[in-house]
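Following: one structure in structure tokens, then a few remarks.
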């Protein structure tokens, strides 16, 4: 178990007047790296501490490039090496710790996993859900025009082509089934989850 300390380490000559100090908020006496700590912290949770060769970096770098909350003096092409360097360290500040959790760790759960039992099944083998998709389609067409749902419109072109109930419920099932597969580290996952929570769930009994 690592100890959490605030340690001031002098930068430059020891005892020099007015010398600068590097503040570490977290120092592991046992040499536990930040990666080790995070792996323990996220054990049995739907998160992944990224390694340098992981495919997920493509999406993370795309999001980072557009972000207004970047790490100081680190661009998207330097992000992987920045994460690797800091994940190896056993001494780090609160700021580094926060940025590592923000940019070097991803949430791997799918939208379907986030919805859990509330989701209408999109599996072809599922029984007795046809009526639920019909209700979902009717609910969307009834409620999409309400002001509180202005930001919750389904913009998929194929979905919008389905304008009558039989095709509509099938289109709703296909659209929700596609959304269900999206993982939470993707760029538009939060907005997709909001849509799914609104239109792809079973009606409240």
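Numbering (the numbering used here), first residue to last: 1460 to 1664. Where is the CB? At the ideal position from N, CA and C, for every residue including glycine.
Residue i - DSSP class collapsed to helix/strand/coil
i            : result
residue 1663 : coil
residue 1530 : coil
residue 1551 : strand
residue 1626 : helix
residue 1468 : Residue confidence for residue 1468 is low, a pLDDT of 37 falling below 50, so the modelled location carries little weight; the figure read from the coordinates is stated next. Three-state result, residue 1468: strand.
residue 1508 : strand
residue 1607 : helix
Residues near residue i in its chain [Cβ-Cβ closer than 6 Å; skip 5 each side]
i            : result
residue 1630 : 1618, 1621
residue 1628 : 1592, 1593, 1596
residue 1511 : 1539, 1543
residue 1460 : Bear in mind that the predicted position of residue 1460 carries a pLDDT of just 34, short of 50, making it unreliable; the figure below should be weighed with that in mind. No residues qualify anywhere along the chain.
Own chain partners of residue i with C-beta closer than 7 Å, once the 5 adjacent residues on each side are dropped
i            : result
residue 1580 : 1588
residue 1612 : 1603
residue 1535 : 1520, 1523, 1524
Buried/exposed call for residue i, threshold 16 Cβ in 10 Å
i            : result
residue 1496 : buried
residue 1640 : exposed
residue 1648 : buried
residue 1608 : exposed
residue 1530 : buried
Nonlocal neighbours in the same chain, by C-beta distance under 8 Å from residue i, ignoring five residues either side
i            : result
residue 1494 : 1508, 1546, 1547
Top-ranked residue by Cα proximity to residue i, from the options
i            : options                : result
residue 1525 : 1562, 1623, 1514       : 1562
residue 1660 : 1642, 1553, 1643, 1636 : 1636
residue 1638 : 1549, 1572, 1527       : 1572
residue 1517 : 1537, 1555, 1583       : 1537
residue 1528 : 1490, 1598, 1554, 1599 : 1554
Min CB distance residue i to chain B below 9 Å
i            : result
residue 1630 : Absence of chain B from the displayed structure is noted, only one protein chain being present.
Assumed close pair residue i, residue j - CB separation to whole angstroms, cut-off 8 Å
i            : j            : result
residue 1506 : residue 1559 : 12 Å between Cβ atoms; not a contact.
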